[in-house]
Amino acid sequence: DAKTTQPNSMESNEEEPVHLPCNHSTISGTDYIHWYRQLPSQGPEYVIHGLTSNVNNRMASLAIAEDRKSSTLILHRATLRDAAVYYCILRGLDNTDKLIFGTGTRLQVFP
Amino acid sequence: EPEVTQTPSHQVTQMGQEVILRCVPISNHLYFYWYRQILGQKVEFLVSFYNNEISEKSEIFDDQFSVERPDGSNFTLKIRSTKLEDSAMYFCARVTGMVKNTEAFFGQGTRLTVV
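Just so you know, the sequences run in chain order A and B.
Counting from 98, one number per residue, gives the positions in the first sequence under the numbering used here.
Counting from 2, one number per residue, gives the positions in the second sequence under the numbering used here.
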């Protein structure tokens, strides 16, 4: 699977925007960029995914660099409930169906 | 209402005993996965199951593990003779299609404690 690099941890204050970066310099043209998160004591939860264009949904926005070698997950207003480990995962035609989880970024949100 | 329900939420078993973990999807989908997460470690892929057959399995998924869909609805993971190192959270997930362009729905997990 194509590799991604994320910071181990980040911090934010409640109601502030959060930008979670992910580097994927070896991404191929057919790789989709997926983000999942895992709240404490819960299973992973889908957040968002995209291919080339920026994407928005009710949970977050995904900004994809023009060369696709990096992306940023944007939480527009962090809440305490957003404290979780966020995983950036690449999925493509060359990969099998499974999701491969790395160590992700642990986001702490302070009131 | 959760997309995937797992039972039990917590199971304690003695080393060497067999355990069966269950996963019940709300909808009748074809793609299922089992993952595990040892405390403090990464979420690890175990096996994928498509159309009632194993499509891929990891090195972790050895002969002690098996998966079934016994009644066309429930999806089970069996560990024949549990070891202490099998203690972990086990997550079931389902997807509607090829996971590269679809979202996976994970259950809340079963915490397995082997003593």
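Just so it is clear, CB atoms sit at the ideal spot from N, CA and C, and this is done for glycine as well.
Quiz item: Where Ser168 of chain A and Ala157 of chain A are concerned, what is the direct C-alpha to C-alpha distance, given to the nearest angstrom?
Solution: Within the first sequence, residue 168 of chain A is the residue found at index 71, counting from 1. Within the first sequence, residue 157 of chain A is the residue found at index 60, counting from 1. Per the coordinates, the alpha-carbon of Ser168 of chain A lies some 13 Å from the alpha-carbon of Ala157 of chain A.
Quiz prompt | DSSP bridge partner residues for Gln7 of chain B (one or two, in chain order) | solution = As a working mapping, residue 7 of chain B is identified with position 6 in the second sequence. Paired residue(s): B:Cys24.
Quiz item: Which residues bound the beta strand (DSSP E) around Gly45 of chain A?
Solution: Residue 45 of chain A falls outside the range modelled here, since chain A spans only 98 to 208, and no answer is possible.
Practice problem: Count the other CB atoms, across all protein chains shown, that sit within 10 Å of the CB of Asp207 of chain A; report buried if there are 16 or more and exposed otherwise. | Solution: The residue labelled residue 207 of chain A in the question sits at position 110 within the first sequence. A quick correction: the sequence has Phe, not Asp, at residue 207 of chain A. So Phe207 of chain A counts as exposed.
Quiz item: Are Ala94 of chain B and Gly108 of chain B close, meaning C-beta to C-beta below 9 Å?
Solution: Sequence index remark: in the second sequence, residue 94 of chain B carries index 93 (1-based). Sequence index remark: in the second sequence, residue 108 of chain B carries index 107 (1-based). Less than 9 Å divides the Cβ of Ala94 of chain B from the Cβ of Gly108 of chain B.
Self-check item: In chain order, each beta strand (DSSP E) run of at least 3 residues that lies wholly inside the segment 62–100 of chain B
Solution: The beta strand (DSSP E) runs lying completely inside the segment 62–100 of chain B and spanning 3 residues or more are 66–69, 76–80 and 89–96, given in chain order.
Self-check item: Proximity winner among B:Thr103, B:Asn102, B:Thr6 and B:Asp72, relative to Trp35 of chain B (alpha-carbon distances)
Solution: Numbered from its first residue, the second sequence carries residue 35 of chain B at position 34. Of all alpha-carbon atoms in B:Thr103, B:Asn102, B:Thr6 and B:Asp72, the one lying nearest the alpha-carbon of Trp35 of chain B is that of B:Thr6.
Quiz item: Relative to the alpha-carbon of Ser10 of chain B, which residue among B:Glu4, B:Thr83, B:Met16 and B:Cys24 has its alpha-carbon at the smallest distance?
Solution: Reading the second sequence from its first residue, position 9 is the one you call residue 10 of chain B. Residue B:Cys24 is the option with its Cα nearest to Ser10 of chain B.
Quiz item: Nearest chain B C-beta to Tyr143 of chain A closer than 9 Å, yes or no?
Solution: As a working mapping, residue 143 of chain A is identified with position 46 in the first sequence. At least one chain B Cβ lies under 9 Å of Tyr143 of chain A.
Practice problem: Pick helix, strand or coil for Asn154 of chain A, following the three-state DSSP scheme. | Solution: By one-based count along the first sequence, residue 154 of chain A stands at place 57. Taken through DSSP and simplified to helix, strand or coil, Asn154 of chain A comes out as coil.
Quiz item: Is Glu60 of chain B close to chain C, meaning its C-beta is less than 9 Å from at least one C-beta of that chain?
Solution: Absent from the structure is chain C; the protein chains it does hold are A and B.
Quiz item: Quick check: the segment 133–145 of chain A against the segment 173–189 of chain A, are there 3 or more CB pairs under 8 Å?
Solution: They touch, by the three-pair rule.
Practice problem: Using DSSP bridges, identify the partner residues of Ser56 of chain B. | Solution: One-based indexing of the second sequence puts residue 56 of chain B at position 55. Paired residue(s): none; Ser56 of chain B is not in a bridge.
Quiz item: Helix, strand or coil: how does DSSP classify Arg178 of chain A here?
Solution: Taking the first residue of the first sequence as 1, we reach residue 178 of chain A at position 81. Shown here, Arg178 of chain A sits in a helix according to DSSP, grouped into three states.
Self-check item: Per-residue contacts from Gln109 of chain B into chain A (C-beta, under 7 Å)
Solution: Here residue 109 of chain B refers to the residue found at position 108 of the second sequence. Residues of chain A passing the Cβ test: Gln139 and Gly140.
Exercise. Compute the Euclidean distance between the alpha carbons of Val44 of chain B and Asn154 of chain A, then round it to the nearest angstrom.
Key: Numbered from its first residue, the second sequence carries residue 44 of chain B at position 43. Numbered from its first residue, the first sequence carries residue 154 of chain A at position 57. Taking the straight line joining both Cα atoms gives about 25 Å.
Exercise. Just the C-alpha distance for Glu113 of chain A and Gly189 of chain A, rounded to the nearest angstrom, thanks.
Key: Residue numbering aside, residue 113 of chain A sits at position 16 when the first sequence is read from its first letter. Residue numbering aside, residue 189 of chain A sits at position 92 when the first sequence is read from its first letter. The straight-line gap from Cα to Cα measures roughly 33 Å.
Practice problem: Please state whether DSSP places Asn105 of chain A in a helix, a strand or coil. | Solution: Within the first sequence, numbered from 1, the residue matching residue 105 of chain A stands at position 8. In the three-state scheme derived from DSSP, where H, G and I count as helix and E and B as strand, Asn105 of chain A is classed as coil.
Quiz item: Among the residues of its own chain, which have a CB less than 7 Å from the CB of Asn69 of chain A, if the five just before and after it don't count?
Solution: Residue 69 of chain A is absent from the structure shown; chain A starts at 98 and stops at 208.
Quiz item: Taking 9 Å as the CB-CB cut-off, is Phe92 of chain B touching chain A?
Solution: Counting from 1 along the second sequence, the entry for residue 92 of chain B is found at position 91. Output row for Phe92 of chain B: interface = yes.
Quiz prompt | Inter-residue spacing [alpha-carbon to alpha-carbon] between Lys195 of chain A and Glu111 of chain A | solution = Residue 195 of chain A sits at position 98 when you count from the first residue of the first sequence. Residue 111 of chain A sits at position 14 when you count from the first residue of the first sequence. Their backbone Cα atoms lie some 34 Å apart in a straight line.
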